[in-house]
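Remarks on the structure that follows.
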Amino acid sequence: TTARLTCTLSSGYNVGGYHIYWYQQKQGTSPWYLLRFYSDSNKHQGPGVPSHFSRSKDASANAGLLLISGPQPEDEADYYCAIWHASYSTSFTLRKTNKPTNKQATQKPTTMPTFCLVVKV
Numbered sequence: 001t002t003a004r005l006t007c008t009l010s011s012g013y014n015v016g017g018y019h020i021y022w023y024q025q026k027q028g029t030s031p032w033y034l035l036r037f038y039s040d041s042n043k044h045q046g047p048g049v050p051s052h053f054s055r056s057k058d059a060s061a062n063a064g065l066l067l068i069s070g071p072q073p074e075d076e077a078d079y080y081c082a083i084w085h086a087s088y089s090t091s092f093t094l095r096k097t098n099k100p101t102n103k104q105a106t107q108k109p110t111t112m113p114t115f116c117l118v119v120k121v
């Protein structure tokens, strides 16, 4: 099974032009950088990030995706996405997603809503 977290951009913003960043925050800890995705040739996985975390984009849904293949109990956390465009400010805003649960790990692939905010400076 695969948990699928989505980072949906507002209308008027095309996901194809943005870098999507993903962070994980376990209870009582600071957010931890997982990965960044712009395209198949422009991506980065953070150090120590398990290989069952991957990323993609869904152009038809105008969203960035975080995929957790075979979610483990230790993957239970708060997840945040952020988007960045080189033409805008160097800062970005993290937005919280729903966290996968053990129950979801035993079900069919799940889409979890996420909301991202783009601020034009």
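The sequence shown begins at 1 in UniProt numbering and counts up by one. For each residue, glycine too, the CB sits at the ideal point set by N, CA and C. Small disclaimer: the values here were computed from a predicted structure and weren't measured.
Closest to residue i by CA distance: which of the options is it?
i, options, result
"I68", "S54, Y80 and S60", "S54"
"I83", "R4, T2 and S10", "S10"
"K43", "G70, N62, L66 and Q25", "L66"
"K57", "G46, Y38 and Q25", "Y38"
"L5", "V49, S87, Q24 and G16", "Q24"
"P47", "Y79, S60, W32 and G12", "W32"
"D40", "G64, S30 and V49", "G64"
"A59", "T2, A3, T1 and T8", "T8"
"T1", "V49, G12 and G70", "G70"
"Y79", "N62, A61 and S30", "S30"
Under three-state DSSP, which class holds residue i?
i, result
"D78", "strand"
"G64", "strand"
"T101", "For T101, the predicted structure reports a pLDDT of 49, less than 50, and the residue's modelled location is therefore unreliable. A value from the coordinates is still provided. Coil at T101, not helix or strand."
Just mark residue i as buried or exposed, buried being the case when its beta carbon has 16 or more other beta carbons within 10 Å.
i, result
"T106", "With a pLDDT of only 37 at T106, under 50, the local geometry of the prediction cannot be trusted, and no value is derived from it."
"S51", "exposed"
"G28", "exposed"
"N14", "exposed"
"A3", "buried"
By Cβ distance, which residues of its chain are closer than 6 angstroms to residue i, with the 5 residues on each side in sequence left out?
i, result
"L18", "In the sequence under discussion, the amino acid at residue 18 is Tyr, which differs from the Leu named in the question. Taken in chain order, the residues that qualify are I83 and H85."
"Q72", "none"
"Y21", "R36 and A82"
Pull up the DSSP beta-bridge partners for residue i, would you.
i, result
"D40", "Paired residue(s): none; D40 is not in a bridge."
"K51", "It is worth fixing the name first, because residue 51 is Ser in this sequence and not Lys. Paired residue(s): none; S51 is not in a bridge."
"residue 122", "In the structure as shown, the chain begins at 1 and stops at 121. Residue 122 is therefore absent and cannot be evaluated."
"Q45", "L35"
"S56", "L65"
"H19", "W84"
Might you give, ordered along the chain, the residues of its own chain that have their beta carbon closer than 8 angstroms to the beta carbon of residue i, omitting 5 neighbours on each side?
i, result
"Q45", "L34, L35 and F53"
So, for residue i: in the same chain, excluding its five sequence neighbours on each side, which residues have a beta-carbon less than 7 angstroms away from its beta-carbon?
i, result
"T77", "Residue identity check: residue 77 is Ala in the sequence provided, not Thr. Same-chain partners within the cutoff: Q24, Q25, K26 and K99."
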